[in-house]
Structure formats: C-alpha cells, structure tokens
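*Asks:* Just so you know, the protein sequences line up as chains A and B, in that order.
The numbering of the first sequence is the working numbering, which starts it at 2 and goes up by one.
The numbering of the second sequence is the working numbering, which starts it at 3 and goes up by one.
Where a beta carbon is used, it is the ideal one built from N, C-alpha and C, also for glycine.
Quick one: structure below, then a few questions.
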Amino acid sequence: MRISNFFYCIRQGLKNIFRNHTFSLASIGTITSCLFLFGIFFCVLVNFQGLMKNMETSVGVTVFFKDGVTEERILEIRDTVELRDEVASVTYVSEDEAWNQFKEQYFPDGDEGILTNLDEDNPLTGMANLEISLSDASQQSDLVTYLESFEEVDHVNSLDSVAASFADISRLVSYVALAIILILILVAIFLISNTVRIGIAVRREEIAIMKYIGATDIFVRGPFLVEGIVIGLVGSLIPVAIIRFLYVEVVQFVTGQFPVMNVLMNFVPVQRIFIILLPVSLVIGLGIGFIGSYITLRKHIRV
Amino acid sequence: MIALDNVYKTYSTGVSALNGISMRIKKGEFVFVVGSSGSGKTTLFKLLLKELEPTSGTIYINNKNIGRLRRRKIPKMRRGIGVVFQDFRLLKDRTVYENIAFAQRVVGKSSKQIRSSVPALLSLVGLSDKEKAYPNELSGGEQQRVALARALANNPPVLLADEPTGNLDPKNAWEIMKLLEEINLRGTTVVVVTHNKDIVEQMQKRVITLSNGVIISDEQKGGYYED
C-alpha cells in the first residue's frame, strides 16, 4: 500500500466519523460505558486484592519445636522455609522474646513484681517458635504438611478455615470480574460491528463505485478500519480520563469521611492503577474497534 | 481485445440468462449490444466486469482470460475497463472534481498527477466550469459527462457503458453518444449496452443483438433489430 493511500484511508476514516456523527457518537458512547464499567471494576478489584493480600499475609502459621532442638537448628529450618514461594516472611521468636511478648500483651501496665521473679526462670522454655506469614493463603495446608515433616517440629498452629476462605473469595472475585469484562467486550464488539454495518449500508453505493473503478480490498476497507479503530481509541481514552479524576476524588472522600478505612486498608495509589489501566484500556478499545469493523467488513465487502 | 467463447450463465434460481455466447470485439471498435429486457445484456455486462462468473465458457479482456484471475487480481483487471451506468453513480457528497480525483486516488495516483489530469478530463467532457459543483446541482446530461470523465480517468483501453442515455432526454443522449464516439476515435474500445433504437440507428456502428441469451444478429453497420 502506498503511503498516500495510507493517509487517504486515515483522512477518509476520520471524515466518515464526522459524516455519520450520530452513529459514531453512539459507538463511542457504548465503548466508553463498557470501558468505564471495566475501569471501575478494575479499580475495585485491585484494591480488593490489595486488601486480600494484606489479610492473607496477616494469616500466619506458627511452628513449635520439640524439647531439646537447638536454636541453630531452628534458624537452619527458618532459612530453608524462607526460600519457599508461598512464604512471605519468617520470624524467629526465641524463648525470651516469647516471654516478653507475653508480658507486653497481658500486662502492658507492668506486673507489680509478680512476673519479675519468673524472668530468671522463663516459664516459656521450649516455646521458641517460627512465625510464618504467607503470600498465598491457598498454599497454607501444603505448607503445614511440609513443616510437619521435619522431625524436630512438635506441632504447627494454623487457621485453616480462614486461609481457605480468603483464597476462595479472592478467586471468586477474579472469576466474576473476568466474566463481566468478557461480556462487556463482546457487547462492545457487537455494537461497533453494528455501527460499521450501518456505515457500510449508508455508503453501499460508494463502495460499489470503488469496486467498479478497481479499488483493492484494502483501499475499500481501510477507511472503515480507521473509523473503527479511532472510535475504539476515543472510546477508551474518555473513560480512563474520567476514572482517573474520579478515583482520586473518591479515595479522598472515603478516607476523609470514614477514617476507619485508613486502618482497614491502604488504597492503591492512582499511578499504580493507571500504569496498568491505561494501556489495557487502549488495547481493548483498539482491539474492539479493529475486530468489530474487521469482521463486519469481511462479511459485507467482497470484491 | 474482448472475446467470449461459448459463454453460458445460469443463475442459481435456474434462470438461464446466456446460452452460448461467442463474440470478438477488436481493439478500437465501437459496438452496441442491444436487446429487450431479459435478453441477457445486463448479465453480459456483469460478466465482463467479473461481477459474476460464467457457468461455462471463457472470457478474455485485454487479452487475459479473466476466468483464471485470482480474486486479488480483480481490482487490477477492472482498472483496464472504464464503466458508465444509466444512473451515473456519482458520489453525491463530493464535487465534480473530487468524483474524478477519487477514481485516480483509488488506483494510487499522486495528488500532483491528479491535479494535472482532472482539468484535462473535465475539458474533454466540456465541464471545465463545473469542477466545484455537486452532482445534484448538475443536469442529467452533465452528470453523465462527469461519470464519463471518471471512467476515463485512468486511461482504460476499454469503456463499458450500460444504458448511458437511459435517463437522458434525446438532446443530452445524443451529446453523450457524440462524446463516446470522440473517445472511441482516440483509440478506446467502446461497448455500449442499450435499447435506445434511435441512437443505434443513427450512429451506424457495429450492432450485436441479443435475445433470450443468444446472439441473433451481429452487423457491422447495423440498425436495431426487434426480436
């Protein structure tokens, strides 16, 4: 294809958009609303997953060891466990630390001497343990089985049900989100294909003339493809811009009005969302525009 | 230049439009194809443009067997044929200039080439002063002349005209025919499908008469035969 034809197709495609501005606006509107929903969904999902991750890592496993296992051996085990993928971090809590933690937790205001005597004779002897937090709660039961296979390990404390339900919710949300996004994309493709079909019907005569004159397929289809792609592009930029503005406002509003939310969760910063949302939306918009017009053209324009 | 060998065309509805047509049209000829409606004229026209495929038989255009043409070569083949229709088929939202430029744009001519050739084409068809007009501001005769200029835009060796005078009054019809004759004198092979009896008889050109899908007469300086 010559470069002048390439520019012709772009010019003509843009002209077509303005000429059929009603249909173009309708298509842009539908893609905008689809991607707007997608964007909102994405923001919610990302924040929800952040929350889930927070909760998952706060779900921990505590490993207790048999009497007589040395500190060195426990540290060795810690180093081995730390290498596993599902493990976020491992903290070694020595007998003394365990005792101090206990005192802080139950007698935060001082113990009036009752416990001081016990410092010399730590009641938690043999209670040195490893606190393991997980990056992936669904792997917890595997990890527990693994930990129990060490002969030095006495027992492992874990909250199976909590971990399992977190993992389940997380997965469920992802599936539902994926399904909804897929449906939205299909709807958008259908709509843009409809727009292009109407465009073809409006310009049936022009297309027939082009074919009689000896225009190649690409020359006839080019402007329609450009039309679809530009509509897809505009339809994806608008919602991203709106969501970008809204996101900041909403986060500010929520954290301002409900300070408790600050404690419960950290909102994902706007840049981190848009570094993904912008390219993904553009690609989806472009894809929808291209696929929607291409399938219609294949069906309706043959030399 | 144009040759048909034993061409049959039966539509999927079972209607047989052409029943064994053979003809030769030499380079530089001016030929009328006449016949009443249903005689197969339009089918013949569409076969020549490869808009339809013959059921059997072979068609040569510009010495190429177009039955063997790959789909993607069709556009190039059509560039060798200028077409004119009864209903002009101009793009209504573009000016006269743009309509002619469009045909050249399609085949990939540069803007510079287009700027120099459009005025020449307009002066050939006598519409130099109308280049900025839109089709609906022109008379039928003028519109058909724009269509002619467009058909000639890429210097095709063959010009096909399907009832070019069908929508015109006798005066305009005659002017279009004179123009076609002039184009023919410049070396273009011209094939006019028509049922305009007066014109055919006055022009005294070769006339091929179709009836029920067969050629019933082919005369060098013919008149219009009723079937």
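Listed from N- to C-terminal order along the chain, which residues in the segment 201-230 of chain A have their beta-carbon within a distance smaller than 8 Å of any beta-carbon of chain B?
*Replies:* Cβ contacts with chain B come from Glu206, Glu207, Ala209, Ile210, Met211, Lys212, Tyr213, Ile214, Gly215, Ala216, Thr217, Asp218, Phe220.
*Asks:* Compile a chain-ordered list of the residues in the segment 63-80 of chain B whose CB is closer than 7 Å to at least one CB of chain A.
*Replies:* Arg73, Ile76, Pro77, Lys78, Arg80
*Asks:* What is the rounded straight-line gap between the Cα of asparagine 123 (chain A) and the Cα of glutamine 141 (chain A)?
*Replies:* 31 Å
*Asks:* Going along chain B, which residues have a C-beta under 9 Å from serine 5 (chain A)?
*Replies:* Arg107, Gly110, Lys111, Ser112, Ser113
*Asks:* Hey, how far is the Cα of valine 209 (chain B) from the Cα of histidine 197 (chain B)?
*Replies:* For valine 209 (chain B) and histidine 197 (chain B), the distance between alpha carbons rounds to 11 Å.
*Asks:* To which residues of the same chain is glycine 229 (chain A) closer than 7 Å at the C-beta, ignoring the five residues directly before and after it?
*Replies:* Closer than 7 Å at the Cβ level, and outside the excluded window around glycine 229 (chain A), lie Ile193, Val197, Gly290, Phe291, Gly293, Ser294.
*Asks:* Could you pull the DSSP bridge partners for histidine 197 (chain B) from this structure?
*Replies:* BP columns for histidine 197 (chain B) are empty, so no partner.
*Asks:* Alpha carbon to alpha carbon, how far is glycine 69 (chain B) from serine 41 (chain B)?
*Replies:* 23 Å
*Asks:* Expressed to the nearest angstrom, what Euclidean distance is found between the alpha-carbon atoms of glutamate 75 (chain B) and histidine 301 (chain A)?
*Replies:* In the sequence as presented, glutamate is not what sits at residue 75 (chain B); that position holds lysine. Lysine 75 (chain B) and histidine 301 (chain A) have their C-alpha atoms some 19 Å from each other.
*Asks:* Quick one, are the C-beta atoms of leucine 187 (chain B) and arginine 147 (chain B) less than 8 Å apart?
*Replies:* no
*Asks:* Suppose you measure from the CA of serine 175 (chain A) to the CA of leucine 46 (chain A); what does that come to, to the nearest Å?
*Replies:* 8 Å
*Asks:* Please list the residues of the segment 81-106 of chain B that have a C-beta atom closer than 7 Å to any C-beta atom in chain A, keeping them in chain order.
*Replies:* Arg81, Val85, Arg91, Leu93, Ala105
*Asks:* Would you say leucine 51 (chain B) faces chain C, with C-beta separation under 8 Å as the test?
*Replies:* The displayed structure is made up of protein chains A and B, and chain C is not among them.
*Asks:* With respect to the alpha helix (DSSP H) encompassing isoleucine 274 (chain A), which residues constitute its N-terminal and C-terminal limits?
*Replies:* 271-301
*Asks:* Nearest CA to the CA of asparagine 130 (chain A): which residue from A:Arg205, A:Ala180, A:Leu144, A:Asn158?
*Replies:* A:Asn158
*Asks:* Flag this pair as yes or no: are the beta carbons of isoleucine 61 (chain B) and valine 160 (chain B) separated by less than 8 Å?
*Replies:* For isoleucine 61 (chain B) and valine 160 (chain B), no; Cβs fall outside 8 Å.
*Asks:* Determine the chain B residues that contact tyrosine 295 (chain A) at a beta-carbon separation under 7 Å, and present them in chain order.
*Replies:* The contacting residues do not exist; tyrosine 295 (chain A) stays about 17 Å from chain B at best.
*Asks:* Between asparagine 169 (chain B) and threonine 15 (chain B), what straight-line distance do the alpha-carbon atoms span, to the nearest angstrom?
*Replies:* 30 Å
*Asks:* In the DSSP assignment, find the unbroken beta strand (DSSP E) run with isoleucine 217 (chain B) in it and report its ends.
*Replies:* 216-221
*Asks:* For serine 28 (chain A), count neighbouring Cβ atoms within 10 angstroms of its own Cβ and tell me buried if that reaches 16, exposed if not.
*Replies:* Note on serine 28 (chain A): 16 or more other CB atoms within 10 angstroms of its CB, so buried under the neighbour-count rule.
*Asks:* Can you tell which of B:Gln204, B:Tyr10, B:Phe32 has the C-alpha that lies nearest to the C-alpha of isoleucine 4 (chain B)?
*Replies:* B:Phe32
*Asks:* Within the chosen definition, does the segment 6-20 of chain B reach the segment 209-226 of chain A through at least 3 CB pairs nearer than 8 Å?
*Replies:* Verdict: no, contact absent.
*Asks:* Would valine 9 (chain B) and methionine 211 (chain A) be called neighbours here (beta carbons separated by less than 8 Å)?
*Replies:* no
*Asks:* Thinking C-alpha only, which one of A:Ile186, A:Ser171, A:Cys35 is nearest asparagine 48 (chain A)?
*Replies:* A:Ser171
*Asks:* For the alpha helix (DSSP H) that lysine 119 (chain B) lies in, which residues bound it at each end?
*Replies:* The residue you asked about is not lysine; residue 119 (chain B) is serine in the sequence shown. Segment 113-126, the alpha helix (DSSP H) holding serine 119 (chain B).
*Asks:* With three or more C-beta pairs closer than 8 Å as the rule, is the segment 237-253 of chain A touching the segment 35-45 of chain A?
*Replies:* yes
*Asks:* In chain B, what lies closer than 9 Å to tyrosine 176 (chain A) by C-beta?
*Replies:* Ordered by position in chain B, no residue passes the 9 Å Cβ test against tyrosine 176 (chain A), which lies about 44 Å from the chain.
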